[in-house]
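Single-structure report; data block below.
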Ligand SMILES: Nc1ncnc2c1ncn2[C@@H]1O[C@H](COP(=O)(O)OP(=O)(O)OP(=O)(O)O)[C@@H](O)[C@H]1O
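In UniProt numbering, the protein residues as written are 1 to 554.
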């Protein structure tokens, strides 16, 4: 058997009749190693037909020596390669790798190489393992929280059947905690978890569960760094551990917007290959009190009302959002108040830029970090920008701040298609009072390709900070000056100026903060650039999926 040791390269190449494993230090080539049939699907078949095939070794998940006495049971579809007496292939190893399928989904595929020489097989296995061990961005130990009640209550089942076997295949050790109550994961992360033991934290659940994990991790990091979360002026400390999301909720918006699908296996594979996607976080304060963090949508008016109504209909399951949506649309309520904001620098683009990348593909991430560098070089501190605050007063059907596209299966482009995950900004969308028909036209554009901002009653700004004060609280401050008694103050603050005679309650909505209702309507919001990292890579461009050479990662 001829062994060759040449070239430096990080690829495993398969060529027509000569199969070569090309790893970091050597190409090992043997003519008698065969791909075990074309049973793993069109990727390998296409590769053999096309004549050559190369993709980075970094998307190999694992390699396993195959015990020839045990028939391969991986998918149930596998057949052992028939062995002829003239060509006995008694030894084999299986490479597990990422295969891209449709709609941004990944699949764990495998291919088995057969060889007559046992020591050769072992050398391949050992060399591939050594190369995998060099990939230090891959997690080896994870802390997993499962919400057994999220979505259709299948979180535990999804983890046990779809995710745990691939983690184990990739030799990732896990500590699993099945939550027993709301905020169990957040509190555990904040106070008890021994985070030094782990390379990442994984949540199995929906957006609410992700929010718990994110709050726990961000708060813990600030505590350890001695940062006061109640102060709007403090610069928050970025978290060291990455977060993985295994989708098992009702909407799974954050997973969808960062990975491109809500498929648990795809998310597990992104965790295994050690992807990293930075993400901005908005802190929300009411005066000097920290309320919550937000990563996706802060919505007052329409989206606040939909959430408030849907919370009363939890028993309906995911259908509650549709019913509450229709009800809220028909009620057509508008709210008065003042929005003030600090616009982002011009080089960070505009929400009306043509959509290029929804979430930060590698190209976009690069350009974004370039912009961030230039921003730092300019040293434009928030303090220097204080005098550029813009103030808008009016009657609004909706005030939305989208820190990411908020794309989901219902709205494939999302609320703000060009919003970037990690550029330190949020897109502030103001929908002014308009007719029901106009508002319907605007809402429908979330579901098609038309420009949803192209209406006279819609304004959109890319901002770094914003504040909202509802009209009745503006009255409040005026009343404060005149009233000295606390009781009187509280009473009058509830009464709308125009309706003093009738004493009716002023019209007010709630803020929907990533699916949670905030207890205050007057809020101050500040975007913190790249505060956390996810095990994700943004939505890959479609060509990656359409390229026949990119279907498999070996
Ligand atoms: N063991 C538990 N019992 C009850 N509630 C829990 C438990 N664990 C977590 N929770 C809470 O359940 C809420 C909803 O969970 P989750 O986000 O996983 O599902 P969902 O609401 O169906 O999905 P989505 O948020 O994507 O719409 C979260 O806010 C979380 O705090």
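Ideal placement from N, C-alpha and C gives every residue a C-beta, glycine not left out. Being a predicted model, the structure only gives us computed values, none of them experimental.
Is the beta carbon of residue i within less than 8 Å of some heavy atom of ligand 1?
| i | result |
| --- | --- |
| residue 225 | no |
| residue 154 | no |
| residue 252 | yes |
| residue 312 | no |
| residue 267 | no |
| residue 409 | no |
| residue 212 | yes |
| residue 183 | yes |
| residue 207 | yes |
| residue 148 | yes |
| residue 192 | no |
| residue 249 | yes |
| residue 414 | no |
| residue 308 | no |
| residue 151 | yes |
| residue 304 | no |
| residue 179 | yes |
| residue 515 | yes |
CB residue i to CB residue j, shorter than 9 Å?
| i | j | result |
| --- | --- | --- |
| residue 421 | residue 400 | no |
| residue 98 | residue 158 | no |
| residue 185 | residue 203 | yes |
| residue 529 | residue 291 | no |
| residue 511 | residue 342 | no |
| residue 446 | residue 413 | yes |
| residue 347 | residue 285 | no |
| residue 106 | residue 252 | no |
| residue 96 | residue 126 | no |
| residue 340 | residue 392 | yes |
| residue 462 | residue 428 | yes |
| residue 521 | residue 338 | no |
| residue 182 | residue 212 | yes |
| residue 257 | residue 533 | no |
| residue 177 | residue 143 | yes |
| residue 201 | residue 243 | yes |
| residue 394 | residue 474 | no |
| residue 255 | residue 531 | no |
| residue 304 | residue 138 | no |
| residue 432 | residue 330 | no |
| residue 296 | residue 537 | no |
Under the rule that 16 or more other beta-carbon atoms within 10 Å means buried, what is residue i, buried or exposed?
| i | result |
| --- | --- |
| residue 404 | buried |
| residue 516 | buried |
| residue 464 | buried |
| residue 471 | buried |
| residue 315 | exposed |
| residue 155 | buried |
| residue 326 | exposed |
| residue 492 | Note on residue 492: pLDDT 41, under 50, position unreliable in the model; the coordinate value appears next. Result: buried. |
| residue 247 | buried |
| residue 91 | buried |
| residue 87 | Residue placement at residue 87 is flagged as unreliable, the pLDDT there being 46, under the threshold of 50; the coordinate-derived value follows with that caveat. Under this definition residue 87 is an exposed residue. |
| residue 317 | exposed |
| residue 94 | buried |
| residue 235 | exposed |
| residue 397 | buried |
| residue 319 | exposed |
| residue 539 | buried |
| residue 131 | buried |
| residue 76 | Unreliable placement is indicated for residue 76, whose pLDDT of 36 sits below 50; no coordinate value is reported for it. |
| residue 120 | buried |
| residue 557 | It is not possible to answer for residue 557, since the shown part of the chain is limited to 1 through 554. |
| residue 481 | Reliability fails at residue 481, whose pLDDT of 41 lies under 50, so the model's placement of it is uncertain and the value that follows must be treated cautiously. Exposed, since its Cβ has fewer than 16 Cβ neighbours within 10 Å. |
| residue 289 | exposed |
| residue 452 | buried |
| residue 110 | buried |
| residue 161 | exposed |
| residue 307 | buried |
| residue 555 | Absent from the structure is residue 555, since the part of the chain shown begins at 1 and ends at 554. |
| residue 426 | buried |
Contact criterion: CB-CB distance below 9 Å. Does residue i meet it with respect to chain D?
| i | result |
| --- | --- |
| residue 207 | Given the protein chain composition of this structure (a single chain), no chain D is represented. |
On the premise that residue j lies in contact with residue i, defined as a C-beta separation below 8 Å, what is that separation, rounded to the nearest angstrom?
| i | j | result |
| --- | --- | --- |
| residue 141 | residue 197 | 6 Å |
| residue 280 | residue 525 | Rounded, the Cβ-Cβ distance is 12 Å, inconsistent with contact. |
| residue 166 | residue 535 | The pair is not a contact, with the Cβ atoms about 13 Å apart (cut-off 8 Å). |
| residue 353 | residue 411 | The Cβ separation is near 19 Å, so there is no contact. |
| residue 250 | residue 206 | 6 Å |
| residue 209 | residue 260 | Rounded, the Cβ-Cβ distance is 20 Å, inconsistent with contact. |
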